[in-house]
Amino acid sequence: MYDAYRILDKEEFRFGAFISGPSKTADIEQALVMGAHGAREVLVILK
1 MYDAYRILDK
11 EEFRFGAFIS
21 GPSKTADIEQ
31 ALVMGAHGAR
41 EVLVILK
């Protein structure tokens, strides 16, 4: 990831998002929910 940020720093648009997969969360009742946060879709544009 450090290399990727170094490359992005040299580009016109300095933005990058690293999405590693769906999250897991448990509420107060300890009910585990998979994929509660994160992207529903991913669009990748390569230059």
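Numbering follows the UniProt record's numbering, with no gaps: position 19 of the sequence shown is 19.
Glycine included, C-beta positions come from ideal geometry on N, C-alpha and C.
Only a predicted model underlies this, so the values are computations on that prediction, with no experimental measurement involved.
| Asked | Found |
| --- | --- |
| Identify the residues that DSSP records as bridge partners of V33: which are they? | T25 |
| Given a cut-off of 9 Å, decide if F18 and M34 are closer than it, judged by their beta-carbon atoms. | no |
| Roughly how many angstroms lie between the CA atoms of A31 and S23, to the nearest whole one? | 14 Å |
| Once DSSP output is grouped into helix, strand and coil, what is the label at L8? | helix |
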